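First the structure, in the form of structure tokens, and then the observations on it.
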Amino acid sequence: MITADKKQKIIADLQKDKKDTGSSVVQVGILTERIKELTEHLKVNKKDFMTRRGLLQSVGKRKRHLKYIAEKDSKTYLELIKKLGIRK
Numbered sequence: 871m872i873t874a875d876k877k878q879k880i881i882a883d884l885q886k887d888k889k890d891t892g893s894s895v896v897q898v899g900i901l902t903e904r905i906k907e908l909t910e911h912l913k914v915n916k917k918d919f920m921t922r923r924g925l926l927q928s929v930g931k932r933k934r935h936l937k938y939i940a941e942k943d944s945k946t947y948l949e950l951i952k953k954l955g956i957r958k
């Protein structure tokens, strides 16, 4: 579970202005952190299939947001994946 402090830090790092809390870029950042936490949980709890399902849903949602960002602004997309360390 992402703590409120961690979520606020991610939002502050990725937002374009003070009121930008729900843009696709911010959502990708939050989903990436959630995916990292779920991955660590599944390394310990291999038979937790509900968490595995949640992880796959989060990955799919992040993929859709990244596709949208890539179509709208490829420069922002490239900066985002570099900043978050995804898509090698």
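For the numbering used here, add 870 to where a residue sits in the sequence shown, where the first one is 1.
No residue lacks a Cβ here, since even glycine has one placed at the ideal position from N, Cα and C.
Computed from a prediction, not measured in an experiment: that's the story for all the values here.
**Request:** For the alpha helix (DSSP H) holding Q878, just list the boundary residues, first then last.
**Result:** Position 8 of the sequence shown, counted from the start, is the residue given in the question as residue 878. Here the alpha helix (DSSP H) through Q878 covers 874-884.
**Message:** Taking its Cβ as the centre, do 16 or more other Cβ atoms sit within 10 Å of S944, making it buried, or is it exposed?
**Reply:** The residue you call residue 944 lines up with position 74 of the sequence shown. By the neighbour-count rule (16 or more Cβ atoms within 10 Å), S944 is not buried but exposed.
**Prompt:** Would you call V898 buried or exposed, if buried means 16 or more other Cβ atoms sit within 10 Å of its Cβ?
**Reply:** Here residue 898 refers to the residue found at position 28 of the sequence shown. Counting Cβ neighbours within 10 Å, V898 comes out buried, since at least 16 surround it.
**Asked** Alpha carbon to alpha carbon, what distance is there between K933 and K876?
**Response** Reading the sequence shown from its first residue, position 6 is the one you call residue 876. Reading the sequence shown from its first residue, position 63 is the one you call residue 933. Whole-angstrom Cα-Cα distance: 22 Å.
**Asked** Short check: CB of Y947 to CB of L954, under 8 Å?
**Response** Translated into the one-based positions of the sequence shown, residue 947 becomes position 77. Translated into the one-based positions of the sequence shown, residue 954 becomes position 84. Cβ distance not < 8 Å, so Y947 and L954 don't count as in contact.
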